[in-house]
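Visitor: Handing you a structure now.
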Amino acid sequence: GESVGLHLPTLSVQEGDNSIINCAYSNSASDYFIWYKQESGKGPQFIIDIRSNMDKRQGQRVTVLLNKTVKHLSLQIAATQPGDSAVYFCAENWALGFGNEKLTFGTGTRLTIIP
Amino acid sequence: NAGVTQTPKFRVLKTGQSMTLLCAQDMNHEYMYWYRQDPGMGLRLIHYSVGEGTTAKGEVPDGYNVSRLKKQNFLLGLESAAPSQTSVYFCASTPIAGGAGGYTFGSGTRLTVV
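These protein sequences, in sequence, are chains A and B. Residue numbers for the first sequence, in my numbering: 1 to 115. Residue numbers for the second sequence, in my numbering: 116 to 229.
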C-alpha cells in the first residue's frame, strides 16, 4: 500500500558536519515532494520541495535528491548548525483529480546537532 | 504578516464536550487543511477544503466536522470529544493544489480530552 517512511527515526550529527536524512515512498503516482522542519512546539515549516520531473534541487545549505527508480528521497543539510536540530518530515503529494490533492507525511526523523 | 493563525493554542476537554477549533489565514489561499499529529506518527489529514463553501474528508474524518463559510476561515468541530482525540491539531493552507512552496502551517492547537 502507499506509505511514506523514514529509514532512521533519530540522527545525531556534529556541528559543522553534513547530515543526510532519508525517506522512502511507495506511491509511484506522487508528483511532488516536500521536506518540512518542525521545531518543538511549532508547526511544520517548509524547507524545500521537488517535482517528480527533477532528480535534484538545491537551496541554501539544503539539497533534496529524488530517485524515482527506487522511490527514495533524501535531504542533505550542509555545515549543520545548532538551529538545525528539529524533526524533519518528508511528504509526498499526489493529485486525486478535480483539484483535490493529498499530502502524506512520513513519521519524521529527529535530528540533533551536537555542539 | 500573520500567515496561518490557530485558536486556541491549548484546551482541555471532558469526554463528551464539544468545541470548535478556528483556523484563519490572511494569504487569500484557496486550499485549507486540518491535520492531527500524534506521538511517533506523521501528520494525518482529517478534512480539507478546496475553496469557500467546500469541504471533503481526509484519512481520519470520523468524530470531526468542518465548515468553510468564509475563504479565510476553516473551522474544525468536535461534537462529542473522546480521549482518542487527544492530539495536536494543525491547520495548513496553500494557494493552489500542489503549488510550489508547499503548505503554510499554523502553530498548532494542543487538545487533551480527559
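For glycine and all other residues, C-beta sits at the position ideal for the given N, C-alpha and C.
(1) Among A:104, A:115, A:112, which residue has its Cα nearest to the Cα of residue 29 of chain A?
(2) For residue 155 of chain B, which residues in chain A fall below 8 Å Cβ to Cβ?
(3) Note down, in chain order, every chain B residue with its Cβ under 8 Å from the Cβ of residue 56 of chain A.
(4) Measure the CB-CB distance between residue 80 of chain A and residue 19 of chain A and report whether it falls below 8 Å.
(5) Would the beta-carbon of residue 198 of chain B fall within 8 Å of that of residue 135 of chain B?
(6) Can you tell me whether DSSP reads residue 40 of chain A as helix, strand or coil?
(7) Anything in the region 34-46 of chain A with a Cβ closer than 9 Å to a Cβ of chain B? List those residues in chain order, please.
(8) Decide if residue 223 of chain B is buried, meaning its Cβ has at least 16 other Cβ atoms within 10 Å, or exposed.
(9) Provide the residue span of the beta strand (DSSP E) that contains residue 162 of chain B, from first to last.
Guide: From the atom records:
(1) Residue nearest to residue 29 of chain A within the set A:104, A:115, A:112 is A:104 (criterion: CA-CA distance).
(2) 107
(3) Going along chain B, no residue has its Cβ under 8 Å from residue 56 of chain A, so there is no contact; the nearest lies around 16 Å.
(4) With contacts defined as CB atoms closer than 8 Å, residue 80 of chain A and residue 19 of chain A qualify as a contacting pair.
(5) no
(6) coil
(7) Cβ contacts with chain B: 34, 35, 36, 38, 41, 42, 43, 44, 45, 46.
(8) buried
(9) 158-164
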